[in-house]
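Residue numbers (our numbering), protein chains in the order written: chain P, 72 to 962; chain C, 44 to 153. Encoded as structure tokens, the structure appears first; notes follow it.
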């Protein structure tokens, strides 16, 4: 009983703290009064026992002891006790709030489930995208002082990002004062490599050929052994290589003895000098070894020629050197090279220098930021939805809240109670969202299918967890604050008098209406973005490539060094073997597949206009290439087996129509000759244009050379046969092995698959945006439905009266739907304005669609109106079914 | 009273105060008077020392305080034993008696 009294007497801690702040000496006064009482009573008793007042006072003080000391001790003890009690009370209040909140949420499981799921989707999507953004965009590159690293290109005619020749790059590297170190590399996915033989099966290694300075510029040292050094790059030295961590583990079992050992690469002995640490994956995660450029044979890559450009460069700026300084210096060097070597360097007169990180993520950056914006919109829609739900709930609970307020709960306390509830919801949603994010980011990386730079660095680490937690808290406050603020200022009187809840809350209705407008606006923006991304993808997929990829199998390989003496014979034998495979209709071969960027290039001077160079892609193909890919031969003929190489053979070439146009050939191109360096070549055929660089690029001039006259070790067999291309490809692989059972195969797939990888990024954007827009629309529709259903339930009486007074169900339907559509209309207008503004940001990731594409925006408006109509019609229909008598009695 | 017995004194004072309050709510002066009278004036305590002790016991939850009106019609702070205080008094009493008994036996053994 005593304890109960004490608890009730305890004031609310805030007020208590406030009192302390206003009147600090309260504690001292209490202690003083207590001690004074003791002393006075003591004196009184002594006087009663016959002592003189003066003596009594002295005696009392003597008995008491050091008053000042005891007083201070007591004050200190009381103060400490006060603090402890305050803490305990606040903690107790929090525990009570949480317990009350959980109980309240469990009492309405439907609401709680919907809220938590909505939040989990919103927070999960945000966390997944943020994880990717952090790994790809925000995290520093894994090299020391990565901000000093730059990607280097030589400016070529018509191409500011051209490759280097080895001699040019060496001149830059050794001469540049603004660079601390620089290196170049030659790497093409699946094509630069060598056959590793030795213990175990022969294996095709993905190799990056690098110049001196490559490892020094990046600044990473090997985990074992040493990097490549200056002496390794001298031609004619013993071949050396550095292994990737992955290859070292897979092939050499992580043995430390591997450094110094000799392996056989393409039939030549090669000494392992170092092993790079885990995570070193420059220039590509699939690079397995690094070799000096000098180990390339001249007949494979003419690396000592200044006109042969095939290297990509990376550099490290000296401390304090700006990009502009480096650009100016390298530009100057390019110009002096141009003056020194007019034969090879005319019009190669500049340098392009871009921070390395930017060069790696540049293209994907916009897509990721668009996605991040989209998920943020989803979360905002979810918040608006929940705020609406909570507002509706708050109105239902107005009476309860009013009663609690009347019983002495302070407005702050009530607001905190409601905020606790929304925070609980948000945290539960965040927890579930984390699970969604784990699955989501894995799926995302897989969906990007290798076209996402730095995908290996996407992980859900501490900072992503912190992001989720922060986001949950923010979300909770965001959607909880409005209802909480409203609850904090309840208008008590009418409610206590028994007025029905929901009346006299015009402000609330406006607030809810505003939230619906915001939801619709956000959904419009999401849907517009998704529409643009989808239209862009559709454009890419429907683009006429100039060839037919359907049903074509691809088997890629590099002719091994064991055949270097009889390359063309081997090539012919393989093609013959594949032609003989049952079910194969036609077979062509090409060095590079359509859609792959590593195509060789040649600049051809236009006769009579030496200033004008036509940049043409060069493709080494076999006969039947055009027939296999359904590329029309417009004039002349395809290559034949008779166009063989040899001493006095007539050198022939097939060109495409774009080349004829650009080169300005007059009359019948067939039979004319071209000067490509060396003996003139004769045009024997003209074929249709193809988009060699992918659907987003225009068709470029092409020069097709006959592989039998210009053999290349890289070969991609293109096979059109009956049935599933992958099954055909498997048979083709067997045929290749029937010629040489040691031939390593670098890829086995279908051409459609290759093309599909080429549009992986636009597809990722379209798929995710579509997903997010669908989610946003669904949430928006739920929001509209929720608000209208609530309004209808609140207006039952009014509707009943209307119906009783003769309004038709149609009138009621129109009234409710009209009310809903008014809100939707405002939302649409706001959203369209926003979408038109934001669409411009997507410009760089759209192909073949203008950011203000009218079809997209019209479909979005129509689609959203449709959704809104359904969402408002459902509650409206229920309103018309209100039996007037019941509605009138409902109060 | 020598310094060497201070620690003992403190423990003793606590149990004495709890005992004094077990007879009913009391203000500080009353507690002092009770101890003085019941001990036959043998235990001489500096009265001021009672107050820090009272506050300490209150902080530990053995006592509760409340302002009330004294027998001479003045505002005074009254202390009351809590449930925990009662339990503590029983425990301390047992402990103290066992202790005193042991010391007594040692001292009385020839």
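Built from N, CA and C at the ideal position, the CB exists for glycine as well. Given the structure is predicted, the values throughout are model-derived calculations rather than measurements.
Assign residue i to buried or exposed, taking buried as 16 or more other Cβ atoms, counted over all protein chains shown, within 10 Å of its Cβ.
i, result
"residue 456 of chain P", "buried"
"residue 242 of chain P", "buried"
"residue 575 of chain P", "Below a pLDDT of 50, predicted positions are generally treated as unreliable, and residue 575 of chain P, at 43, falls in that range; no measurement from the model is reported."
"residue 277 of chain P", "buried"
"residue 941 of chain P", "exposed"
"residue 140 of chain C", "exposed"
"residue 929 of chain P", "exposed"
"residue 680 of chain P", "exposed"
"residue 142 of chain C", "exposed"
"residue 505 of chain P", "buried"
"residue 798 of chain P", "exposed"
"residue 258 of chain P", "buried"
"residue 835 of chain P", "buried"
"residue 328 of chain P", "exposed"
"residue 120 of chain C", "buried"
"residue 926 of chain P", "exposed"
"residue 93 of chain P", "Bear in mind that the predicted position of residue 93 of chain P carries a pLDDT of just 44, short of 50, making it unreliable; the figure below should be weighed with that in mind. With fewer than 16 Cβ atoms within 10 Å of its Cβ, residue 93 of chain P is classed as exposed."
"residue 746 of chain P", "exposed"
Taking the alpha carbon of residue i as the point to measure from, which residue in the options has its own alpha carbon closest?
i, options, result
"residue 518 of chain P", "P:203, P:950, P:876 and P:625", "P:203"
"residue 676 of chain P", "P:631, P:748 and P:696", "P:748"
"residue 633 of chain P", "P:482, P:814 and P:606", "P:814"
"residue 511 of chain P", "P:918, P:753, P:231 and P:200", "P:200"
"residue 267 of chain P", "P:596, P:764, P:334 and P:254", "P:334"
"residue 297 of chain P", "P:599, P:285, P:770 and P:347", "P:347"
"residue 665 of chain P", "P:617, P:900 and P:684", "P:617"
"residue 918 of chain P", "P:547, P:613 and P:551", "P:613"
"residue 825 of chain P", "P:708, P:765, P:330 and P:315", "P:765"
"residue 810 of chain P", "P:422, P:190, P:650 and P:336", "P:650"
"residue 387 of chain P", "P:790, P:542, P:598 and P:289", "P:289"
"residue 225 of chain P", "P:732, P:625 and P:404", "P:404"
"residue 359 of chain P", "P:378, P:305, P:336 and P:827", "P:336"
"residue 947 of chain P", "P:721, P:887, P:830 and P:895", "P:887"
"residue 412 of chain P", "P:585, P:236 and P:285", "P:236"
"residue 898 of chain P", "P:583, P:724 and P:317", "P:583"
"residue 556 of chain P", "P:417, P:663, P:725 and P:486", "P:486"
"residue 656 of chain P", "P:803, P:146 and P:112", "P:803"
Which partner residues does residue i have in the DSSP bridge list?
i, result
"residue 727 of chain P", "P:758"
"residue 819 of chain P", "P:626"
"residue 225 of chain P", "P:233 and P:422"
"residue 122 of chain C", "C:69 and C:108"
"residue 775 of chain P", "P:690 and P:725"
"residue 787 of chain P", "P:627 and P:661"
Determine the DSSP secondary structure at residue i, reduced to helix, strand or coil.
i, result
"residue 674 of chain P", "strand"
"residue 168 of chain P", "helix"
"residue 383 of chain P", "strand"
"residue 374 of chain P", "coil"
"residue 548 of chain P", "helix"
"residue 334 of chain P", "strand"
"residue 281 of chain P", "strand"
"residue 69 of chain C", "strand"
"residue 44 of chain C", "Residue confidence for residue 44 of chain C is low, a pLDDT of 40 falling below 50, so the modelled location carries little weight; the figure read from the coordinates is stated next. In the structure shown, residue 44 of chain C sits in coil (DSSP, three-state: anything other than H, G, I, E or B)."
"residue 363 of chain P", "strand"
"residue 55 of chain C", "helix"
"residue 721 of chain P", "coil"
"residue 519 of chain P", "coil"
"residue 195 of chain P", "helix"
"residue 883 of chain P", "helix"
"residue 275 of chain P", "strand"
Counting contacts by CB-CB distance shorter than 8 Å, is residue i in contact with chain B?
i, result
"residue 145 of chain P", "Protein chains P and C are contained in the structure displayed, whereas chain B is not."
Handout entry: Minimum length 3: unbroken beta strand (DSSP E) runs contained in the segment 407-487 of chain P
Key = Secondary structure in the segment 407-487 of chain P: the beta strand (DSSP E) runs of 3 residues or longer, each lying completely within the stretch, are 421-426 in chain order.
Handout entry: Length-filtered (4 minimum) alpha helix (DSSP H) runs lying within the segment 887-951 of chain P
Key = 925-951
Exercise for the section: Quick one: which unbroken alpha helix (DSSP H) runs of 4-plus residues sit fully inside the segment 90-147 of chain P? Chain order, please. Expected result: The qualifying runs are 97-119 and 124-135.
Handout entry: Unbroken stretches of the beta strand (DSSP E), 3 residues or longer, contained in the segment 623-707 of chain P
Key = 623-629, 655-661, 671-677, 680-692 and 704-707
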